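Beneath this line is the structure, given in structure tokens, with notes to follow.
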Amino acid sequence: MTKATTLESQHRDYIKWTRELNFFNDELKLFENQLEQLIGRSEKSSLPRFEHFQNSFLRQHEVIDELLHDIKIIDRELISVRDGRQIKLVDKVQDYDTLRVRMETFVELYAELKSEFVEFVNSMIAKGSS
29 MTKATTLESQ
39 HRDYIKWTRE
49 LNFFNDELKL
59 FENQLEQLIG
69 RSEKSSLPRF
79 EHFQNSFLRQ
89 HEVIDELLHD
99 IKIIDRELIS
109 VRDGRQIKLV
119 DKVQDYDTLR
129 VRMETFVELY
139 AELKSEFVEF
149 VNSMIAKGSS
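Residue numbers 29 to 158, in our numbering, belong to the letters of the sequence shown in order.
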């Protein structure tokens with residue numbers, strides 16, 4: 029793989045990751061709205077679960093912000109390499125690999141949280157309709 033191909037491939041991944049993270053951020057806002065609606069109709073015994081999700085959503089927003097920031101920084105550096113203003117491509121590949129692992133981990137943990145939340149919402153709806 030040539031330097032240009034590597035740079036373009038990484039840049040495409042950064043764009044894709046940014047879109048995914050923005051989608052997750054929007055989805056979290058929907059989850060937060062859904063949670064607020066459920067809080068008003070629930071028993072006090074459910075409050076710890078609500079707090080768990082509120083805290084988890086807040087943390088997910090923070091992680092998304094951190095990832096978006098890091099993607100932006102590393103992508104700028106990648107553009108500098110492409111334009112010849114920097115010559116250490118090896119460092120950028122390592123940054124890319126680290127960021128890729130962080131993204132994979134985030135997506136996996138986010139999917140688990142989403143699944144847990146959907147299950148919780150369904151159980152709350154089932155309680156309300158019985």
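Backbone N, C-alpha and C fix where the C-beta goes; we use that ideal spot for every residue, glycine too.
Since the model is a prediction, treat every value here as computed from it, not as a measurement.
Exercise. What separation, rounded to the nearest whole angstrom, lies between the Cα atoms of Leu131 and Ser151?
Worked result: Locating residue 131 in the sequence shown gives position 103, where the first residue counts as 1. Locating residue 151 in the sequence shown gives position 123, where the first residue counts as 1. Just to set this straight, residue 131 is Met in the shown sequence, not Leu. In a straight line, the C-alpha of Met131 is about 30 Å away from that of Ser151.
For this session: Specify whether the segment 40-48 and the segment 93-106 touch according to this definition: at least 3 beta carbon pairs, one from each stretch, less than 8 Å apart.
Result: Yes: the two stretches touch, three or more of their Cβ pairs being nearer than 8 Å.
Exercise. Just how far apart, CA to CA, sit Tyr124 and Ile102?
Worked result: Here residue 124 refers to the residue found at position 96 when the sequence shown is read from its first residue. Here residue 102 refers to the residue found at position 74 when the sequence shown is read from its first residue. Answer to the nearest angstrom: the Cα atoms are 8 Å apart.
Exercise. With a CB to CB cut of under 8 Å and the five nearest residues on each side skipped, what residues in its chain are close to Lys142?
Worked result: As a first step, residue 142 is located in the sequence shown; it is residue number 114 there, counting from the start. Within the same chain, Lys142 has close Cβ partners Glu55 and Phe59.
For this session: Would you mind working out which of Asn53, Gln38 and Thr34 sits nearest Tyr138, comparing C-alpha positions?
Result: Position 110 of the sequence shown, counting from 1, holds the residue named residue 138. Per the Cα distances, Asn53.
Exercise. According to DSSP, is Gly68 helix, strand or coil?
Worked result: Against the sequence shown, residue 68 aligns to sequence position 40. The three-state reading of DSSP puts Gly68 in coil, since its state is none of H, G, I, E or B.
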